[in-house]
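Below: the structure, in structure tokens.
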Amino acid sequence: MAEQFVGKFSEFKDGDRRIIFVGDNEIGVFRHDGRFYAYSNYCLHQGGPACEGLTIAKVEERLRPDKTSEGLFFSDTEMHFVCPWHGYEYDMKTGECVSDRKLKLRSYKIVEKGDEVYVVA
Amino acid sequence: MDLIADRGRRVTVEELNTTRLLAHARKQAVQRKFDDLLIVDVDAHHYENEHMSEILPFMENDVLKQITMGGRATTRRSIMPSQAGFTQDMGGRVTRYPMRGSEKTDSNGKHRDIQLGERWMDAMSVDYSCLFPTGMLNIGMHPQKEMEVELCWAYNRWLTEKVLPESNNRFFSMLCIPFSDPEASLRHVETFGDRKGVGGFMVTTVRHLQVNDNAYMKVYRAMEERGLVLSFHSGPSWSEPVFRACNRFLSVHALGFSFYNILHCTNWVINGMGERFPKLPVVWIESGLAWVPFLMQRLDHEYMMRPSEAPVLKKKPSDYMRDMFYSSQPMEIQDYEAMECTFRMINAETQLLYSSDYPHWDFDLPSTIYDLPFLSEKAKHNILGGTAARLFKLPPRNAAQKANLEKFGNLTAAA
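Chains as they are written, first to last, in numbering that gives the first Met the number 0: chain B, 0 to 120; chain S, 0 to 414.
In structure tokens:
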């Protein structure tokens, strides 16, 4: 496992994402709410570029105490990224496939050294 | 361009490039040596609605042509039956929908749809694709029969005269027939049936007509006599009364695609069409596969008790269903044991045809077939292209493909 340079911290705005190529492997690095997350860029469905699509908040259906639906809302706390091939959605903070959380993208450790960001792969 | 996501935050993305979007598909193809297999995609699509200004001049009736090309109709929204609520792109999550217009093609004279098609075919290592329209799949919902006839005619002329000839024989089609008018359908078969790149004809299934009606027998006979293939391409419809009970596109899509093929396949089988046209190959397209064992069991069960209502049959309904062909996509992959049972029940090794449905949102790559753990090498080769090569008489494109076709007994009929 070696440290691969991702970019300068100062150039990585919140909401940014980069794809890092390590040999044949591809890793998506996201900065979200001040933290970095790194996952395999191969979707667990058909191998699409899982980290290269939209980032979009989880859609929630809020239910009232009497079990009636209040309608659809964007989550205030849970962010997803979406494989652009078929729409498989992944939890930004865990890499879990939100439709079946037993499925999880491989995650990679991020190391910050001064102004530089590295992924360990 | 910007896509709107995350409560309206704009996400800047580069222009769409199909080759780049499908780079991982290319990687899969190289890893699996797909270029050595003849791969035929029996269900791919283009967006003919983006070329209406090229298509509509082929309409024959001057008045109907003027109605579609003149006045407010130039917005094109009033030409083809449209479907409110059909958010195929999931709010832009499937990025190739909103970004499609941003993709650049070469100004080399080759039609844009051919160039785009070659990009995804090369990425997936698909050798031949059966090209189907997108908006025209709703043509059966058009309130005017004569307009259905005119639009099918114009599209089929445009496709066979302007588009397919530029594809270097890699695209073929099963042309859309105006099924609401049997006489016009026959004229389509007689006019277009012998044209280059025409492998057969396609009935769009979002309809309430009975496929066993006597009026259609001459149409099927004309196809059978010409050695053509008849296909039924399914689709969903939210305006179908029963589906008004659904509140989500997911539900209408999941049910609708299977529903219409279940409906028409039932009529086809119970009325003994397999006995009447034993040499007419029939393909059921884009309903997935899980519905087939369901329908086999339902029809066999009822037929055993009520044979007097299906007197043309000489064997069980499921036997006739096993004589027909099925396109693979969208293949339900959640339970491999159930899928293996399905493959056994439909004789997948000889009756299943790979299809991608690209560029639609639920497309399948060739690896969805190739990576199945329970398939023999022969079955993989047959499903991915060997069987379709026999059906549509498609030759190999390199020596390795020729050797593989020979090895699995598909060469003679194909070449």
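For each residue, glycine too, the CB sits at the ideal point set by N, CA and C.
| Check | Outcome |
| --- | --- |
| Any non-hydrogen atom of the ligand NAD within 7 Å of Arg247/S CB | Among the components of this structure there are no ligands whatsoever, and the ligand NAD is therefore not found. |
| Of the listed residues Arg243/S, Cys264/S, Glu160/S, nearest to Leu298/S (C-alpha basis) | Cys264/S |
| Boundaries of the beta strand (DSSP E) in which Met173/S is found, first to last residue | 170-175 |
| Reference Arg389/S, options Leu404/S, Leu150/S, Asn397/S, closest by Cα | Leu404/S |
| Whole-angstrom distance between Gly70/B and Gly7/S, CA atom to CA atom | Because the pLDDT at Gly7/S is just 47, under 50, the model does not fix this residue reliably, and the value given afterwards should be weighed accordingly. Computed Cα separation, rounded: 18 Å. |
| Beta-carbon proximity check, Glu77/B vs Asp90/B, cutoff 8 Å | yes |
| 6 Å CB neighbourhood of Gln27/S in its chain, flanking five on each side removed | Ser366 |
| Span of the alpha helix (DSSP H) around Ile269/S | 248-269 |
| Every unbroken beta strand (DSSP E) inside the segment 266-337 of chain S [3 residues or more] | 281-284, 324-326 |
| Cα-Cα separation between Asn60/S and Phe362/S, rounded to whole angstroms | 37 Å |
| Residue-level contact to chain B via CB, Met173/S, 8 Å cutoff | no |
| Residue range of the unbroken beta strand (DSSP E) whose run includes Asn24/B | 24-31 |
| Residues that Thr159/S contacts on chain B, provided the C-beta gap is smaller than 9 Å | Here the premise fails: no neighbours, minimum Cβ distance about 31 Å. |
| Proximal residues to Leu104/B (C-beta, below 7 Å), its chain only, five neighbours per side dropped | Tyr38, Ser39, Leu43, Ala49, Tyr89, Gly94 |
| 9 Å Cβ cut-off: residues of chain B touching Gly199/S | Under the 9 Å cutoff, chain B gives no residues; its nearest Cβ is about 29 Å from Gly199/S. |
| Cα-Cα separation between Pro478/S and Met146/S, rounded to whole angstroms | Any question about residue 478/S goes unanswered here, given that chain S covers just 0 to 414. |
| Outcome for Gln82/S when other beta-carbon atoms lying within 10 angstroms are tallied against a minimum of 16 | buried |
| Cross-strand partners of Val197/S (DSSP beta bridge) | Ser172/S |
| Chain-ordered neighbours of Val81/B on chain S, where CB pairs are closer than 7 Å | Arg92 |
| Residues that DSSP places opposite Ile19/B in a beta bridge | Ile26/B |
| Near-chain S residues of the segment 37-54 of chain B - C-beta to any C-beta below 9 Å | Asn40, Tyr41, Cys42, His44, Gln45, Gly46, Gly47, Pro48, Glu51, Gly52, Leu53, Thr54 |
| Proximity winner among Asp75/B, Ile26/B, Leu53/B, Glu51/B, relative to Arg61/B (alpha-carbon distances) | Asp75/B |
| Cutoff 8 Å; reference Asp356/S; Cβ partners in own chain excluding five residues on either side | Asp42, Ala43, His44, Glu285, Gln328, Pro329, Phe362, Asp363 |
| Pairwise C-alpha distance: Lys92/B and Lys101/B | 15 Å |
| CB contact below 8 Å: Thr367/S versus chain B | yes |
| DSSP beta-bridge partners of Pro83/B | Answer is none; Pro83/B lacks a bridge partner. |
| Straight-line gap, Phe8/B to Lys108/B (C-alpha atoms, nearest Å) | 15 Å |
| Gly226/S versus Phe391/S - alpha carbon distance | 9 Å |
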